[in-house]
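Chemist: In terms of the working numbering, the sequence shown is residues 340 to 961.
Below you will find the structure I want to go over with you.
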Amino acid sequence: HNDRTIQSVKNLITKNFTKLSDTHLVSLLKHPDMRIRLRAQYTLANAKKISLLEKSIRANKDNVIAQLHGIWGLGMVARKADPTATARLIFHAHQSHPLELKASIARCLGEVTSKDKVDATLMHLLQDKSPRVQSFAAIALGKRKYHPAFDTLVKLIAKNNDQDVFLRHALVMGLLGTGTEKQIAALNRHKSSAVHLAAVVALRRHESPEIAKFIGKSHAVKNEAIRAIHDLHIESARKKVAEILPRYASTLGGVNKFTPMMQRRLLHSAFRIGGDKNIHALLAFIGSKNASIDLNQRREAVRLLSIWNHPHTVDQSLGRYAPLPRRDNQNLIKILQTELPDLIDVSNPVVAELISLISHYKPHLNTIPSKRLLAISQDKKISSSARSEALRSVAANPPRDFDTQLRRFVANTDPKVAGTALSLHVDRHPTASSKLILQASAIKRPVSLRQTAWSLVASLDKIDNSVAETLNKKLDSLTAGKGDQHAALEILAAAKKHTQSAAALKKYQKSLDTNNPISPYLAALKGGNMKRGRALFNSHPAAQCMRCHTTYKHSDAAMAGPNLHGVASRGDRLFLLESLVNPNAKVAKGFGEVSAMPPVGLLMEKHEIRDVVEFLSTLKKH
Numbered sequence: 340h341n342d343r344t345i346q347s348v349k350n351l352i353t354k355n356f357t358k359l360s361d362t363h364l365v366s367l368l369k370h371p372d373m374r375i376r377l378r379a380q381y382t383l384a385n386a387k388k389i390s391l392l393e394k395s396i397r398a399n400k401d402n403v404i405a406q407l408h409g410i411w412g413l414g415m416v417a418r419k420a421d422p423t424a425t426a427r428l429i430f431h432a433h434q435s436h437p438l439e440l441k442a443s444i445a446r447c448l449g450e451v452t453s454k455d456k457v458d459a460t461l462m463h464l465l466q467d468k469s470p471r472v473q474s475f476a477a478i479a480l481g482k483r484k485y486h487p488a489f490d491t492l493v494k495l496i497a498k499n500n501d502q503d504v505f506l507r508h509a510l511v512m513g514l515l516g517t518g519t520e521k522q523i524a525a526l527n528r529h530k531s532s533a534v535h536l537a538a539v540v541a542l543r544r545h546e547s548p549e550i551a552k553f554i555g556k557s558h559a560v561k562n563e564a565i566r567a568i569h570d571l572h573i574e575s576a577r578k579k580v581a582e583i584l585p586r587y588a589s590t591l592g593g594v595n596k597f598t599p600m601m602q603r604r605l606l607h608s609a610f611r612i613g614g615d616k617n618i619h620a621l622l623a624f625i626g627s628k629n630a631s632i633d634l635n636q637r638r639e640a641v642r643l644l645s646i647w648n649h650p651h652t653v654d655q656s657l658g659r660y661a662p663l664p665r666r667d668n669q670n671l672i673k674i675l676q677t678e679l680p681d682l683i684d685v686s687n688p689v690v691a692e693l694i695s696l697i698s699h700y701k702p703h704l705n706t707i708p709s710k711r712l713l714a715i716s717q718d719k720k721i722s723s724s725a726r727s728e729a730l731r732s733v734a735a736n737p738p739r740d741f742d743t744q745l746r747r748f749v750a751n752t753d754p755k756v757a758g759t760a761l762s763l764h765v766d767r768h769p770t771a772s773s774k775l776i777l778q779a780s781a782i783k784r785p786v787s788l789r790q791t792a793w794s795l796v797a798s799l800d801k802i803d804n805s806v807a808e809t810l811n812k813k814l815d816s817l818t819a820g821k822g823d824q825h826a827a828l829e830i831l832a833a834a835k836k837h838t839q840s841a842a843a844l845k846k847y848q849k850s851l852d853t854n855n856p857i858s859p860y861l862a863a864l865k866g867g868n869m870k871r872g873r874a875l876f877n878s879h880p881a882a883q884c885m886r887c888h889t890t891y892k893h894s895d896a897a898m899a900g901p902n903l904h905g906v907a908s909r910g911d912r913l914f915l916l917e918s919l920v921n922p923n924a925k926v927a928k929g930f931g932e933v934s935a936m937p938p939v940g941l942l943m944e945k946h947e948i949r950d951v952v953e954f955l956s957t958l959k960k961h
C-alpha cells in the first residue's frame, strides 16, 4: 500500500460507519484494506441494505473481492431469516458468476434457516464443474441435514475415487449430516472402496460400533477402521480388531503389510480384551515368520504378556486413563508352559525378552528344556543379561552335568554370565566352591566378577583356609596401598564377616588416618559402575544431585552448585571423592565460603558413592 492508502485507512478506521452515505459505503467494498471492506459490509448488512449489496455484486464484474463482500453481506442478512436476501442468494447461485462467488453462495446458504428452494439450489451447486463449489455445497447440505442428498453424495464419492482429498473431505462431511448411522453403515455393501473409506470416516465421527463392518474391506479401509476403533475406544467393536492379529501372524507378509503403529494397535486391542484366545494370539505374533512384523512390536507383545495379570491403569498405546480389571494368571501360566518352549530358541529375535518373561513368572514356568536354555546361555550374540537369566532358569530344573556346566561358565569371559554361574554354584555347594571363588577373584579377571566373588564370600557362613588365606593377603595389600582396590569394598565386607580375617582387618583399620574425614571412604575410590553412577546422580531420592548441579557444557541454568561438566579435568579421583564426602574441604569459586551441600556419606551407601565417583571421572572437557 502507498502512503495515500495508509492515510485513508487511518482516517476511516476512526469514523462511525453508520454515519457514512450509502454510496460511500458501497465504494468502500472495493477498498484495498480488508478491515475497511468488512466494516462497510457489516454496516450495510446490519441495516439490511439488500439493494446496495446487490449493487456491489452487479456493478463490480471486474472486482471479485467487492462482489464477495456483497455475497457475504447478503449471507449475513439471510441468516436472520430474511426471505429477500435468501432469494437473492438463490438467484445468484444460478448465474454465471466466478467459481469463488458460487462457493461463497453455497457456504452462505448452508447457514440460513429457510427451506424454500435453498436445498434445491445447493443440490444444483453440488453438480457444478468446480470441485471447490461442490465442496462448499456438500458441507452446506450436511449442515442442513438434507437427507435426499445422501445418494447423490455417495455417487460423487465413488466418482471422485479418492483423487481429490479436499473434495473427499467435504463429501464425507455431507455424508455425515445427510445420512443416518444405519444408512452409512449399509454402504459396506457398495462396490467402491472410496465409498467404504468415506463411510468409515463418517462413522468414526459418530464413534459408531457399526464401523466394524468395514474391517474386511480393502487394506486402506481396514487400516482406517482399526485406527478409529482403537484410538476412540469403541469397545463394542474392538473384538473385530483383535481377531485380525492371529490371521496376520499366520501370513508371510505380502503386499498388505501393517505399519508398526498399526501392529501396535492390534496388540493392544488383543491385550485389552484379554482371554485365552488373545494370549495365544500374542504368542503367535511373537513367533510369527511374517517378515513384515516389526521387531519392537514383537518386544511389545512380550511386555504385554509380562503385565497381563496386572494391567496398567493407563492405556499405554494411547496415554489415556483406561483401567482394566486384574486377571487370573492360572490360564496364562498354563498357556505359557505349553507354548513358550517352542519360542525359546537362539534363532528367535526376541529370545532375550522371552527369557526375562520366564524370570518374571518364576517358579511357574519350568517346562523349557534345559538344553535349550544352556544353548542360549552360551550364545554370545544374545545379551549377557538374557544369558544370565537363562542360566538361572536352568537351575530350576538342572541337568545331571549342571555343576560341570557352571564351572565352565565361571571361566567364561563375560563377567555377568560368569558371576551368575559362580553364584548358582555357591548356592548349590556353599562349602565346595572355594576353588571357583578363588579362580573368579584372581586379579586378571574382570572387575565386576571379582566383586561378585568377594560378595559371595561375605554371604557364606563359613570359609575354608584357602579362601581365608587369600582374603588376608588381599587385605594386607590394601593396607599397603596396593592390591585389588577395585574390589576393596567387597573384600572389607568379607573380612568383617569372617573371624579368620579379624587381625588383618584390624591392621587395615589402624593404617587409616583418623584425622582425615575421607579415610573411611577410600575403599570406594575405584571399581564403580559408570551407568549406575549416572542413574544415582540423576535420580537418587535422598542425595538429589541434579537439583543443584548440571553436567551439560552449555547449560546457563542458575544452579545452587557448580556445573560439573569437565569436573574430571579439575582433579583426580581422590579430589572427586573428597568433594562428595567432605564438600567443605574445597568450595568452588563463586559459591561462598561454606558449601551448602551435605556430606554424601550421610545419604548414600559406600558402593553407591563408588559408582558416582566412577560417573564423575568420565566428565572430562570436550
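Even for Gly, the Cβ is constructed at its ideal location relative to N, Cα and C.
Owing to the predicted nature of the structure, the values given are computational and were not obtained by experimental measurement.
Three-state secondary structure (DSSP) at Asp-681?
Modeler: Residue state, collapsed to three classes: helix.
Chemist: How long is the line joining the alpha carbons of Gln-717 and Arg-726, rounded to whole angstroms?
Modeler: Those two C-alpha atoms are separated by around 7 Å.
Chemist: So the candidates are Leu-828, Lys-484, Leu-492; which of them puts its Cα closest to the Cα of Asp-467?
Modeler: The option with the nearest alpha carbon to Asp-467 is Leu-492.
Chemist: For Leu-761, count the other beta carbons within 10 Å of its own beta carbon; 16 or more makes it buried, fewer makes it exposed. Which is it?
Modeler: With 16 or more other Cβ atoms within 10 Å, it is buried.
Chemist: Tell me which residue opens and which closes the alpha helix (DSSP H) that Arg-446 is part of.
Modeler: Arg-446 -> alpha helix (DSSP H) spans 438-448.
Chemist: Tell me the DSSP secondary structure of Asp-467 in three-state form.
Modeler: In the structure shown, Asp-467 sits in coil (DSSP, three-state: anything other than H, G, I, E or B).
Chemist: Relative to the C-alpha of Pro-901, which candidate in Asp-911, Ser-878, Met-936, Leu-916 has its C-alpha closest?
Modeler: If we check each option's Cα against that of Pro-901, Met-936 comes out closest.
Chemist: For Arg-659, list the residues DSSP reports as bridge partners.
Modeler: Per DSSP, Asp-654.
Chemist: So, helix, strand or coil for Cys-887, using DSSP?
Modeler: In the structure shown, Cys-887 sits in coil (DSSP, three-state: anything other than H, G, I, E or B).
Chemist: Comparing the C-beta of Ala-432 with each C-beta of chain B, is any distance below 8 Å?
Modeler: In the structure shown, chain B does not exist; there is a single protein chain.
Chemist: Hey, out of Leu-464, Leu-536, Val-786, whose CA is closest to Gln-473's CA?
Modeler: If we check each option's Cα against that of Gln-473, Leu-464 comes out closest.
Chemist: How long is the line joining the alpha carbons of Gly-872 and Glu-808, rounded to whole angstroms?
Modeler: Straight-line Cα distance between these residues: approximately 33 Å.
Chemist: So, helix, strand or coil for Lys-628, using DSSP?
Modeler: Lys-628: coil per DSSP, three-state reduction.
Chemist: Quick one: residues in its chain with C-beta nearer than 6 Å to the C-beta of Gly-518, no 5 flanking neighbours on either side, listed in chain order?
Modeler: Answer for Gly-518: Phe-489, listed in chain order.
Chemist: Go through its chain and collect everything with a Cβ distance to Arg-642's Cβ below 8 Å, but skip five positions before and after it.
Modeler: These residues qualify, in order along the chain: Glu-692.
Chemist: Mind listing, in chain order, the continuous alpha helix (DSSP H) runs of no fewer than 4 residues lying wholly within the region 503-555?
Modeler: List check, alpha helix (DSSP H) in window: 504-517, 520-524, 532-545.
Chemist: For Leu-391, I'd like the list of residues in its chain whose CB is within less than 6 Å of its CB, leaving aside the five on either flank, ordered along the chain.
Modeler: Result list for Leu-391: Asp-361, Val-365, Leu-383, in chain order.
Chemist: Give the single residue among Tyr-891, Gly-758, Val-690, Glu-829 whose Cα lies nearest to the Cα of Ser-722.
Modeler: Considering only alpha carbons, the answer is Val-690.
Chemist: Would you mind working out which of Arg-637, Leu-864, His-703 sits nearest Val-951, comparing C-alpha positions?
Modeler: Closest by alpha carbon: Leu-864.
Chemist: Locate the alpha helix (DSSP H) running through Ala-609, then write down its first and last residues.
Modeler: That run of the alpha helix (DSSP H) goes 599-612.
Chemist: Within the chosen definition, does the region 770-787 reach the region 814-830 through at least 3 CB pairs nearer than 8 Å?
Modeler: The region 770-787 is in contact with the region 814-830.
Chemist: Buried or exposed for Lys-960, please, with buried defined as at least 16 other CB atoms from any protein chain shown within 10 angstroms of its CB.
Modeler: Counting Cβ neighbours within 10 Å, Lys-960 comes out exposed, since fewer than 16 surround it.
Chemist: Pairs of beta-carbons, one from the region 826-841 and one from the region 876-895, closer than 8 Å: are there three or more?
Modeler: The region 826-841, when compared against the region 876-895, does not touch it at the 8 Å Cβ threshold.
Chemist: Can you tell me whether His-946 is helix, strand or coil according to DSSP?
Modeler: In the structure shown, His-946 sits in a helix (DSSP, three-state: H, G or I).
Chemist: What is the DSSP secondary structure of Tyr-860, counted as helix, strand or coil?
Modeler: If DSSP states are grouped into helix, strand and coil, Tyr-860 belongs with the helices.
Chemist: Roughly how many whole angstroms lie between the Cα atoms of Ala-623 and Asn-705?
Modeler: Distance between the alpha carbons of Ala-623 and Asn-705 is about 20 Å.
Chemist: Work out the CA separation of Asn-562 and Val-511 for me, nearest whole Å.
Modeler: Those two C-alpha atoms are separated by around 17 Å.
Chemist: Cutting at 8 Å between CB atoms, please list the residues of its own chain near Val-749, excluding the five before and the five after it.
Modeler: The residues are Ala-757, Ala-760, Leu-761, His-764, Leu-775, Gln-778, Ala-779.
Chemist: Just to confirm, are Arg-711 and Asp-742 a CB contact at a threshold of 8 Å?
Modeler: Contact flag unset, no.
Chemist: If we call anything under 8 Å between Cβ atoms a contact, is Ala-426 one with Ile-444?
Modeler: No, they are not a contact pair.
Chemist: With a threshold of 16 other CB atoms inside 10 Å of the CB of Leu-407, please say whether the residue is buried or exposed.
Modeler: Burial call: buried.
Chemist: Taking Lys-812 as the reference, give the member of Leu-795, Ala-834, Ser-794 with the closest Cα.
Modeler: Cα-wise, what sits closest to Lys-812 is Ala-834.
Chemist: Return helix, strand or coil for Trp-411, following the three-state DSSP convention.
Modeler: In the structure shown, Trp-411 sits in a helix (DSSP, three-state: H, G or I).
Chemist: Report the rounded CA-to-CA distance for Asn-854 versus Pro-922, giving the unit in angstroms.
Modeler: Answer to the nearest angstrom: the Cα atoms are 16 Å apart.
Chemist: Does the separation of the CB atoms of Ala-524 and Ser-547 fall below 8 Å?
Modeler: Yes.
Chemist: Gly-929: buried (16+ other C-beta within 10 angstroms of its C-beta) or exposed?
Modeler: Exposed, because fewer than 16 other Cβ atoms sit within 10 Å of the Cβ of Gly-929.
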